[in-house]
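Chains as they are written, first to last, in our numbering: chain A, 746 to 1211; chain B, 746 to 1211.
Idealized CB from N, CA, C, for every residue including glycine.
On a predicted model such as this, the values are computed, not experimentally measured, just so you know.
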């Protein structure tokens, strides 16, 4: 007979105690295949518990496959024999913690943004208003796959006004970051796609595409951006470029090169241009450079934008503007993918744009970033014979080339010794070696440092290098 | 000489007016390649504006590539000729709106959840506290790629307590929905992977994997879940299963079949099991069925979970628990992907779990869903000779098979005529035809209907079918 020790005072229900006892008896082999269990009536009498309790214990054992009920014959132990049972459980291997990184005193990263001046108050208030509006409970339902329509309308309006992008909200797909959107876009473009990427370039995109087993052809830069002749000679049918502010070189692609690349794209139906407009909001000299998409009269440009730079890196909202030919493929083949951005965040960003906070924030940040950039240029001014600065008119970083023959490696080693985190051009090369005119070049990002940190950091920078 | 009409009262800065005028002159061919522009001194005198204004206008034109400065010679118009210029802009094609769907009075969808009883107050308060805590500004910085550590710890604790999952937070990857995590997982598993999926199954996963050009083998179900012999005979090395509550059949895989599938996986290093545990929180009879991962002593199970069912579909948070062998590949090859979940949402969910709200919410919803399920079973009770109900003990839907010979097509047509949205089994088949024992079967999801809607909906259901 089955005789578990039942503790009626336990927090574990009695039926669970019985179920666990029998399960263990089976697992340890005390009860084996074909053994008959007592009837529920017998066991309930034996254990002095209700029949219902036994029913529940047996029911759980049946559901998990330990026992089965044979009609009119009673309950029998199932065959759970398996060589797995005799093998002792291996202790889960504790994965190694990620490699510890050096801590720096001054983080001149080209990826950071200024979070000191983030409008937390307005941001909070916007979210609070959304969550407090009880009409918004629909925001908890699954939303449209491409993103909420009013959010896409707000993006389309913003892109039109600020970037000269010409699109309807129907062409926009909202997604949780550029990485995800590239995963999606690569599927829409199809496996036969061959990408051309500038060298140097945004290595994350390079890594994503090569890890997806796409052929990616590195194309050299001249002073106008992606070299058109190399592009023409390559087998590539999709060119990935950053025309408004080349990453990391800071080149603004002039109108002629833009037209040449558009003309290249127009020569074949399967050719497209990916315009990654990652930080075009921040330009410090003259008017903003209009997007390539805006001058494309042949629907050849795929526009890729993000709020990571303009708002915060933790803000996982980016967007893709698809030309009609690709939108059709998306709708037919890939629109089954659920949206990846929470609807509350979509609504928050919509309100932030609609109420004018976004434009005000951009204008404010442009001034703040410009002051930081101006400060760096002023500090470096006395050393101008020894260095060459470029890419300083837009974005959140600039390039410094040393003319004294010190190698990039030496420069970075000196920085590290002084606990300055700087970046070398070679980590952005899609193809080595670093071309001669880019040797001895370091990248200095200034967005995430406060003014105080920047002052101290630049002091250390000067001491380190001059 | 260049003579734009300058409006000093305009909101458009004077330099912009000049820049725009010259740009237009170049684009329309009034100024052509090699034309020399007046010097800044001459033009400033001519237009009675400062030289700085002309500098800025010319600077913008240089940056955009319309003109160039030739040292010691002055400013010249660039070659922007391109056949593109002469082609009139094509009007963007307005994409077709998505096919209009029939509106139903009663939505018996297996995908919905109950949002009437969502704890909006607590949810709001949790987010408000997070946003108001100014120490949390770090939440706006880019976070760890796998997700925040305290969030992963909270998930690991929850999974251990509620699902018997045995893992460290290091094994967890947080992502914006199961779709995204499958995109990532498929890369970690590698292109040679051949998947086995149950038939019928969760079609979204099927679509994702087949659209990524993976070979996916449909494997028939028997009453215990995925048929082990068919799996053994197939070339598949990764089995995608829903053992706790088969989607859509509702089968609970018994311990023996679990062990058989684990034994299959143990036979080769490249074999793995994906356990999609999509709605295991809701079980109405007996104790929860422990996860397959929890009894896997050989690190062969990839566990996939989501908060979409337990919280809300708009909540784009899912998670992947990787066994050590795959975690190693992820760390070496794919950890460059940025995280896809906003850190504020990660923090919100962490607090929701930590403060006990999540468990309370689950317990409450389990009772509510159980009442809805019980109501349906009670209403259908008088018709039990004509139908066969299955999958009713877990999850948010049940299956009804009609014994009177009406086909699935007829059943769905009748439902549509009565404005009831029901689902047929055939749309979940990875391979047709529908096996004989599954013909005439419809799926009835009951989560998203309020009690009142459910009462009325079931009344219509009875009138429609009996």
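Would you kindly work out how many angstroms separate the C-alpha atoms of residue 856 of chain A and residue 1037 of chain B, rounded to a whole number?
41 angstroms
Any C-beta of chain B sitting closer than 8 angstroms to the C-beta of residue 1122 of chain A?
no
Closer than 8 angstroms at the beta carbon, the chain A residues around residue 971 of chain B:
Within chain A, no C-beta atom comes nearer than 8 angstroms to that of residue 971 of chain B; the closest sits roughly 14 angstroms away.
Look at the Cβ atom of residue 1128 of chain A, then the Cβ atom of residue 1159 of chain A, and state whether they are nearer than 8 angstroms.
Not in contact: residue 1128 of chain A and residue 1159 of chain A (Cβ atoms no closer than 8 angstroms).
Counting pairs of Cβ atoms below 8 angstroms between the stretch 980 to 996 of chain B and the stretch 1020 to 1030 of chain B, do you hit three or more?
yes
Contact set for residue 748 of chain B: own chain, Cβ-Cβ below 8 angstroms, skip 5 residues either direction
Excluding positions up to five away in sequence, the list reads 791, 792.
Please identify the residue among A/1174, A/1140, A/1095, A/945 whose C-alpha is closest to the C-alpha of residue 894 of chain A.
Selection A/1174, A/1140, A/1095, A/945 evaluated against residue 894 of chain A yields A/1095 as nearest (Cα-Cα).
Show which residues of chain A have a CB atom less than 7 angstroms away from the CB atom of residue 928 of chain B.
928
Are residue 959 of chain B and residue 975 of chain B closer than 8 angstroms when you measure CB to CB?
No.
To which residues of the same chain is residue 746 of chain A closer than 7 angstroms at the C-beta, ignoring the five residues directly before and after it?
783, 791
Relative to the ligand NAD, is the shortest distance from any of its heavy atoms to the C-beta of residue 882 of chain A smaller than 7 angstroms?
Ligands are entirely absent from the displayed structure, and the ligand NAD is therefore not among its contents.
Suppose contacts are defined by Cβ-Cβ distances below 8 angstroms. Is residue 917 of chain B in contact with residue 900 of chain B by that definition?
yes
What does residue 888 of chain B reach in chain A if we use C-beta pairs closer than 9 angstroms?
1058, 1059
Just confirm the distance between the C-beta atoms of residue 963 of chain A and residue 944 of chain A, as a whole number of angstroms; I'd bet it's less than 8 angstroms.
4 angstroms
Should the stretch 941 to 955 of chain B be regarded as contacting the stretch 1171 to 1181 of chain B, the criterion being three or more beta carbon pairs within less than 8 angstroms?
With the cut-off at 8 angstroms, the stretch 941 to 955 of chain B and the stretch 1171 to 1181 of chain B touch.
What span of residues does the alpha helix (DSSP H) with residue 929 of chain B cover, start to end?
923 to 934
Quick test of your reading: residue 952 of chain B and residue 1081 of chain A, contact by CB under 8 angstroms. State the CB separation rounded to the nearest angstrom.
5 angstroms
For the putative contact between residue 888 of chain A and residue 1088 of chain A, defined by C-beta atoms under 8 angstroms, what is the C-beta separation to the nearest angstrom?
5 angstroms
According to DSSP, is residue 963 of chain A part of a helix, a strand, or is it coil?
Note: residue 963 of chain A maps to strand in three-state DSSP.
is_contact[residue 1063 of chain A, chain B] using C-beta, thresh 8 angstroms:
Not one chain B Cβ lies under 8 angstroms of residue 1063 of chain A.
Could you tell me which chain B residues have their CB closer than 7 angstroms to the CB of residue 801 of chain A, listed as they occur along the chain?
1031
With DSSP collapsed to three states, give me the class of residue 1133 of chain B.
strand
Between B/996, B/1027, B/941, which lies nearest to residue 973 of chain B when the distance is taken from Cα to Cα?
B/941
Give a yes or no on contact between the stretch 1066 to 1077 of chain B and the stretch 1135 to 1150 of chain B, applying the rule of three or more CB pairs nearer than 8 angstroms.
Cβ pair count under 8 angstroms is below three, so no.
Which two residues bound the contiguous alpha helix (DSSP H) that contains residue 954 of chain B?
Membership of residue 954 of chain B in the alpha helix (DSSP H) is indicated by the continuous run 948 to 956.
Run through chain B and tell me which residues come within less than 7 angstroms of residue 924 of chain A, C-beta to C-beta.
1082, 1083
Check the Cβ of residue 872 of chain B against every Cβ in chain A and list those closer than 7 angstroms, keeping chain order.
Residues of chain A passing the Cβ test: 872, 876.
Stretch-stretch touch, CB-based, cutoff 8 angstroms, three pairs: the stretch 849 to 864 of chain B with the stretch 1182 to 1199 of chain B:
yes
Among residues of its own chain, excluding the 5 on either side of residue 969 of chain B, which ones have a beta-carbon nearer than 8 angstroms to its beta-carbon?
Here the set comprises 996, 998, 999, 1001, 1002.
In the structure shown, what three-state DSSP assignment does residue 989 of chain B receive?
Of the three classes helix, strand and coil, the one that applies to residue 989 of chain B here is coil, per DSSP.
Assumed close pair residue 1125 of chain A, residue 1055 of chain A - CB separation to whole angstroms, cut-off 8 angstroms
That pair is no contact at about 27 angstroms.
Compute the Euclidean distance between the alpha carbons of residue 1184 of chain B and residue 927 of chain B, then round it to the nearest angstrom.
30 angstroms
Curious, which full-length alpha helix (DSSP H) runs of at least 4 residues does the stretch 1146 to 1190 of chain B contain?
1153 to 1162
Please work out which residues of its chain come closer than 6 angstroms, Cβ to Cβ, to residue 844 of chain A, disregarding the five sequence neighbours upstream and downstream, and give them in chain order.
Residue confidence for residue 844 of chain A is low, a pLDDT of 46 falling below 50, so the modelled location carries little weight and cannot support an answer.
So, at 6 angstroms on beta carbons, what are the nonlocal neighbours of residue 1103 of chain B in its own chain, with the 5 sequence-adjacent residues on each side left out?
The beta carbon of residue 1103 of chain B sits closer than 6 angstroms to the beta carbons of 1097 from its chain, once the five residues preceding and following it are set aside; these are given in chain order.
Return helix, strand or coil for residue 844 of chain B, following the three-state DSSP convention.
In this prediction, residue 844 of chain B scores a pLDDT of 46, lower than 50, which makes its location untrustworthy; the coordinate-derived value is nonetheless stated afterwards. Reduced to three states, the DSSP call for residue 844 of chain B is coil.
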